[in-house]
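Student:
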Amino acid sequence: MIKRVLQKISHRYASKWLVMLFDLIIVAFTFIVAYIIRFNFRLEFDILVMFKQIPFVFLASLISFLLIGSYKGVIRFTGFKDVINIIIGVNILATVLIISTFFSRRLNYDGLFNISGSIIYIHLLLNILFLVGSKLFIKSVYNKLTQEFETQKRVLIFGAGNSGMLTYDAITNDPKNSHKIIGFIDDNESKVGKKINTLSVYSLDKMTPQFIKKNSIEEVIISIQNIDSSRLLQISALLFELGLTVKIVPPVQNWIEGDLSVGQIKEVNIEDLLGRDPISITNPQLVDEYDNKIIFITGAAGSIGSEIARKITNYNYKKLILIDTAESGLYELQQEFKRKDVTKFEAVVSDVRDVIRMETLFSKYRPEIVFHAAAYKHVPLMENNPYEAINVNIGGTKNMAGLSVKHGVHKFILISTDKAVNPTNVMGATKRIAELYVNSQQGLGQTKFITTRFGNVLGSNGSVIPLFKKQIEAGGPLTVTHKDITRYFMTIPEACQLVLEAATMGNGGEIFVFDMGESIKIFDLAKNMIILSGLRYPEDIDIDITGLRPGEKIYEELLADGENTKPTYNEKIMIARTISIDKDEIDKNITNLCDVNAKVQSLEAIALIKQIVPEYLSNNSKYEVLDNNKTSTTKSN
445 MIKRVLQKIS HRYASKWLVM LFDLIIVAFT FIVAYIIRFN FRLEFDILVM
495 FKQIPFVFLA SLISFLLIGS YKGVIRFTGF KDVINIIIGV NILATVLIIS
545 TFFSRRLNYD GLFNISGSII YIHLLLNILF LVGSKLFIKS VYNKLTQEFE
595 TQKRVLIFGA GNSGMLTYDA ITNDPKNSHK IIGFIDDNES KVGKKINTLS
645 VYSLDKMTPQ FIKKNSIEEV IISIQNIDSS RLLQISALLF ELGLTVKIVP
695 PVQNWIEGDL SVGQIKEVNI EDLLGRDPIS ITNPQLVDEY DNKIIFITGA
745 AGSIGSEIAR KITNYNYKKL ILIDTAESGL YELQQEFKRK DVTKFEAVVS
795 DVRDVIRMET LFSKYRPEIV FHAAAYKHVP LMENNPYEAI NVNIGGTKNM
845 AGLSVKHGVH KFILISTDKA VNPTNVMGAT KRIAELYVNS QQGLGQTKFI
895 TTRFGNVLGS NGSVIPLFKK QIEAGGPLTV THKDITRYFM TIPEACQLVL
945 EAATMGNGGE IFVFDMGESI KIFDLAKNMI ILSGLRYPED IDIDITGLRP
995 GEKIYEELLA DGENTKPTYN EKIMIARTIS IDKDEIDKNI TNLCDVNAKV
1045 QSLEAIALIK QIVPEYLSNN SKYEVLDNNK TSTTKSN
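Reading the sequence shown from the start, the letters are residues 445 to 1081 in my numbering.
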């Protein structure tokens, strides 16, 4: 209540002209003090002349402050730039007084403008001291009064370097600040034991339960740029065990207009522990690529499709058509866009397997770019439902690619997966065939067919992260299929940025892959998530090894046998050099596969898939029998 009253008073009465008057009164006061100091605190000067000079000094300072605009600053938000403006303003004032004194003496003019140089310089220093000091004092009092009436978190900043100081300034200068910084932590022994802004610098070893309790510490903000992920986990684990909330300052390149705001300081999450730098792509050509274009996105309600749609809305597109069979997800995306005042889009509930319906949509909207993200992706489910995997992942792709050629679509971008590389399951094999079909269509018309291939997406629907979160909320255990299983990971924004970049970069026929760094052990990921939840492994939550699921690999690959890569202008993106294929043969075999699948003959359909994709060898699956038969046939021949 008192805080709101103070804020209302400050907004109502602290006008810029009141600030100007306040500054001018200080200038007049310091002028009198300068005289007194010059004459050793004795009134051995002409007081009447001094008082006659005050209006001139008053006018000169008014002009100086108007030129600089120092009076426009809000006192309770006084910062470094405000201090600089004050210093510049009082220096201009001193310069005016020196010039007037020079000409007054040279021309033997009125003594009103003849001010002793020593008084001018004393006045200059006093102005800086009093003007800056008064503003900082008022700011300090205001913050003290407003903060006295609300609960404040007692916080330590990990990192006593430049980033730590910027974090300190951002927090202390924030008008809605609810943090009280009581010190710094640093690994550098030369800083430990010293003080920064009167606050002590502690070592990490000092962080004991007794120290935390004695100082009522609730939170630690890690403010170290380019911190190693293993070190971040080590620090976080120690602080979590002490019952502290741990937050992290984002990389400086993500600061808004180069300045850090308190709102950007976030809790440590699993993305911070990926073990690699986040992938970021900036390409001004994207603006031209999507300018005034009609764009189709299939699978628009999914994690990837919806994020592609969100990114597209940042450009000057002509029309965005969002296609999906998932009514609820599509409705949620539609409502999200309406809340954000996104226009020029249509949400269409439709199925890529329905070629007649797709033909109608192509004829009606005449798309120029198609992002094909519609697919079934869950390995165990597709292993048991190959009919649907073939129908959607292959048949749906066949429909969309064929219609794109027929209707003269400029670019068709297929969203693929690393599971299509040397597949061991139905899902991966069907995605590989989708890649082959798309590649076979290149050159049949004006459409440029482009494929993007990447690993697992953090936080996507049905991915391991949401699963682990639910298991942690339920008290565990976390389930991992194999202790050595590894996966490549990227965030949803990273994956979708790749897709947009590929659409711009591609000339047709390419498979784009990302430099995703090292693959991550799922077992380590599970342990890290337990730690990030403030719990201990295995004391609080254990991890169960359940065994590989049907079709599951221990590790994924980004390149198939016989593939290598060539670089692009972006070091993070590569083009897979694929082996040559007989396009007519591929087209015929895929058409035959779709016909066989229509009869719901799973075993025969899987056998045809293995003929189209010879590197497809089932793993821990009932379809391994087909591989055994194939091996036996080869031996007998």
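Here a beta-carbon is modelled for each residue, glycine too, at the ideal position from N, C-alpha and C.
Check the C-beta distance from A819 over to G743 and give it rounded, since I have them as a contact under 8 Å.
Tutor: So it is a contact: roughly 6 Å between Cβ atoms.
Student: Sorted by chain position, which residues of the same chain lie with C-beta nearer than 8 Å to L777's C-beta, five sequence neighbours on each side aside?
Tutor: A744, A745, S750, A753, L766, A791.
Student: Between the alpha carbons of D768 and V814, how many angstroms are there, rounded?
Tutor: Looking at the two C-alpha atoms, the distance is approximately 13 Å.
Student: What does the Cβ neighbour count give for D467, buried or exposed, with the cut at 16 atoms within 10 Å?
Tutor: Buried.
Student: So, at 6 Å on beta carbons, what are the nonlocal neighbours of T930 in its own chain, with the 5 sequence-adjacent residues on each side left out?
Tutor: If we look at T930 and ignore the five residues flanking it on each side, its Cβ neighbours are S963, K965, Y999.
Student: Report buried or exposed for H822, applying the criterion of at least 16 other Cβ atoms within 10 angstroms of its Cβ.
Tutor: Classification for H822: exposed.
Student: Thinking K788 and Y761 are a contact (beta carbons under 8 Å), I'd like their distance in whole angstroms, please.
Tutor: 7 Å between Cβ atoms; contact.
Student: Helix, strand or coil, according to DSSP, for A791 in the structure here?
Tutor: Correct three-state label for A791: strand.
Student: Report the start-end ranges of each beta strand (DSSP E) in the region 936-1007 that is 3 residues or longer and not cut off at the edges.
Tutor: DSSP runs (the beta strand (DSSP E)) wholly in the region 936-1007: 955-958, 987-989.
Student: Whose CA, out of V853, H854, A873, G953, lies closest to the CA of D862?
Tutor: If we check each option's Cα against that of D862, A873 comes out closest.
Student: Whole angstroms is fine: what's the gap from V786's alpha carbon to P937's?
Tutor: Approximately 19 Å between the Cα atoms of the pair.
Student: Measuring only the C-alpha atoms, how far is F912 from D986?
Tutor: So the two alpha carbons sit approximately 12 Å from each other.
Student: By a C-beta neighbour count over all protein chains shown, 10 Å radius and 16 as the cutoff for buried, is L511 buried or exposed?
Tutor: L511 should be labelled exposed.
Student: Please look up how many angstroms separate the CB atoms of K855 and I894, rounded, as I've assumed it's under 8 Å.
Tutor: Right, the Cβ-Cβ distance comes to about 6 Å (below 8 Å), so this counts as a contact.
Student: Using DSSP bridges, identify the partner residues of E663.
Tutor: Bridge partners of E663: V599, T689.
Student: Is the distance from the Cβ of R482 to the Cβ of I543 below 8 Å?
Tutor: Not closer than 8 Å, so no.
Student: Span of the alpha helix (DSSP H) holding V501?
Tutor: Residues 491-512.
Student: Around the Cβ of I916, are there at least 16 other Cβ atoms within 10 angstroms (buried) or fewer (exposed)?
Tutor: Buried, because 16 or more other Cβ atoms sit within 10 Å of the Cβ of I916.
Student: Going by beta-carbon coordinates alone, are A845 and V882 separated by less than 8 Å?
Tutor: It is a contact, given that the beta carbons lie within the stated cut-off.
Student: Does the Cβ of P867 have 16 or more other Cβ atoms within 10 Å, making it buried, or fewer, making it exposed?
Tutor: By the 10 Å Cβ count, P867 comes out buried.
Student: Which two residues bound the contiguous alpha helix (DSSP H) that contains Y612?
Tutor: Counting along the chain, the alpha helix (DSSP H) containing Y612 begins and ends at 606-616.
Student: By Cβ distance below 6 Å, which residues in the same chain neighbour E711 in space, the five residues on each side in sequence not counted?
Tutor: Taken in chain order, the residues that qualify are K691.
Student: Quick one: which unbroken beta strand (DSSP E) runs of 3-plus residues sit fully inside the region 791-862? Chain order, please.
Tutor: Listed in chain order, the complete beta strand (DSSP E) runs (minimum 3 residues) inside the region 791-862 are 813-816, 855-861.
Student: Please work out which residues of its chain come closer than 8 Å, Cβ to Cβ, to E812, disregarding the five sequence neighbours upstream and downstream, and give them in chain order.
Tutor: Contacts found: K737, I738, I739, V853, H854, K855.
Student: Run through DSSP, which three-state label would D631 get?
Tutor: In this structure, D631 counts as coil in the three-state DSSP scheme.
Student: By the three-class DSSP mapping on this structure, what secondary structure does A1042 have?
Tutor: Reduced to three states, the DSSP call for A1042 is coil.
Student: Just mark F495 as buried or exposed, buried being the case when its beta carbon has 16 or more other beta carbons within 10 Å.
Tutor: Classification for F495: exposed.
Student: Can you give me the C-alpha to C-alpha distance between L944 and V1057, rounded to a whole angstrom?
Tutor: Near 28 Å, if we compare the C-alpha coordinates of V1057 and L944.
Student: Can you tell me whether L600 is buried or exposed, with buried defined as 16 or more other CB within 10 angstroms of its CB?
Tutor: With 16 or more other Cβ atoms within 10 Å, it is buried.
Student: Label R550 either buried or exposed according to how many other C-beta atoms from any shown protein chain fall within 10 Å of its C-beta, with 16 as the threshold for buried.
Tutor: Per the 10 Å Cβ criterion, exposed.
Student: If contact is defined by three or more beta carbon pairs under 8 Å, each pair taking one atom from either stretch, is the region 469-481 in contact with the region 567-576?
Tutor: The region 567-576, when compared against the region 469-481, does touch it at the 8 Å Cβ threshold.
Student: So for E1015, helix, strand or coil by DSSP?
Tutor: Correct three-state label for E1015: coil.
Student: Let's test the definition: count the other Cβ atoms within 10 Å of the Cβ of G627 and tell me whether it reaches 16, buried, or not, exposed.
Tutor: G627 comes out buried.
Student: What's the call for D1026, buried or exposed, on a 16-neighbour Cβ count within 10 Å?
Tutor: Exposed: under 16 other Cβ atoms inside 10 Å.
Student: With DSSP collapsed to three states, give me the class of K583.
Tutor: Note: K583 maps to helix in three-state DSSP.
Student: Please identify the residue among I559, F509, K525, T545 whose C-alpha is closest to the C-alpha of N535.
Tutor: Selected option, being the one with the closest Cα: F509.
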